[in-house]
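Using this note's numbering, you'd call the opening residue of the sequence shown number 4 and step up by one each time.
For every residue, glycine included, the Cβ atom is placed at its ideal position computed from N, Cα and C.
Remember, predicted model here, so these are calculated numbers, not experimental data.
First comes the structure, then the notes that go with it.
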Amino acid sequence: MTRRPTRITRRRLLWGGTTALAAGGAALAGVELEVLPGKASLYHHLGHDGADGVAPDVAPGRLDFASFRSRARGRDVGWALARPPGPTATTALPVVVALHGRGQSHTSAFRRDRLALDRFLADAVARGVPPFAIASIDGDETYWHDRADGDRAQAMVLDELLPRLAEAGLDTGRIGFVGWSMGGFGALHLGSVLGPDRVAAVAALSPALWHDYDDTAPGAYDDAADFERVTVMGRQRELDGIAVRVDCGKGDPFYATSRDYVEGFADPPAGGFQLGDHDSGYWRRMAPRVLAFLGGALAS
4 MTRRPTRITR RRLLWGGTTA LAAGGAALAG VELEVLPGKA SLYHHLGHDG
54 ADGVAPDVAP GRLDFASFRS RARGRDVGWA LARPPGPTAT TALPVVVALH
104 GRGQSHTSAF RRDRLALDRF LADAVARGVP PFAIASIDGD ETYWHDRADG
154 DRAQAMVLDE LLPRLAEAGL DTGRIGFVGW SMGGFGALHL GSVLGPDRVA
204 AVAALSPALW HDYDDTAPGA YDDAADFERV TVMGRQRELD GIAVRVDCGK
254 GDPFYATSRD YVEGFADPPA GGFQLGDHDS GYWRRMAPRV LAFLGGALAS
């Protein structure tokens, strides 16, 4: 059994003293002693994170933006759909739903200064990865599950976005999820909700994971009962039959809990732990491998 390191929880540590995360909008509440406050930023400035990933200099495929009134969330939400270039753009492509980090939006998946997934997708398909589409949608700071205040991001994705993707001509019979930070948790959570009959693959980048509710970022969960209801820690078997990939930088404040999560699988998931911080530069660096993983799983 893996021994968990001693933690200083949010209830014992003033929030202002914890590490400020550079990108992704995710805030860390629990501080693992082996991932000290400020370590991620220190590693970044010392160059210990590895080079930032750079969006490939290729022409992306078709990228459409739209919005609709979400009954599940009680507000207008934006969403976007990227297809690879070439003749596959009009076929019934499989689709991956991209879930953004805290404080981001549906545009973050495709902005060149964020993840630029439309460009990475075009490059991946040109290199032989089976083609697929990528859709994103606004989740604000919901942590991609239904909340007590009536803001139901989970229902929005499953009951509103997926039917729209089918109407757009995409194959939603078996889908994929990819997410980073808050969205990394969301990808693991929604993958377990739908199960292997509907989900072919899940890829989580730097997932925002905590062992205990007392460690969590303010607002991530309604209360301890909400945390226990949706946590993915200790529930790895719920992803049986789904191809899973987890990546996290060793300078990331979520490194320790991500490592513990990976160790909880009977069969280790794909991915691993590399030099990296909790930022878009790391996520872009991992994007080619992640998209190749998703494309292969959707085509199998």
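Between histidine 109 and serine 70, the alpha-carbon positions lie close to 10 Å from each other.
Taken through DSSP and simplified to helix, strand or coil, arginine 177 comes out as strand.
For the stretch 171-242, the full-length alpha helix (DSSP H) segments reaching 4 residues or more read 185-197, 227-233 along the chain. When the Cα atoms are used, isoleucine 245 and alanine 190 turn out to be separated by approximately 12 Å. By the criterion of at least three beta-carbon pairs nearer than 8 Å, the stretch 258-272 is not in contact with the stretch 139-151. Comparing C-alpha distances from threonine 234 to each of Ser209, Pro133, His148 shows the shortest one belongs to His148. Judged by DSSP secondary structure, valine 61 falls outside any beta strand (DSSP E); it is assigned neither H nor E.
At a cut-off of 3 residues, the continuous stretches assigned as beta strand (DSSP E) that sit fully inside the stretch 124-165 are 136-140.
Closest by C-alpha distance to alanine 156, out of Asp55, Trp213, Trp82, is Trp82.
A contact between stretches requires three or more CB pairs, one per stretch, nearer than 8 Å, and the stretch 73-88 meets this requirement with the stretch 156-172.
Residue pairing for valine 249: DSSP places it in a beta bridge opposite Ala207, Gly274. Going by DSSP, arginine 292 is part of no beta strand (DSSP E) but of the alpha helix (DSSP H) stretching over 283-302. Within the DSSP secondary-structure output, alanine 69 pairs in a beta bridge with Trp82.
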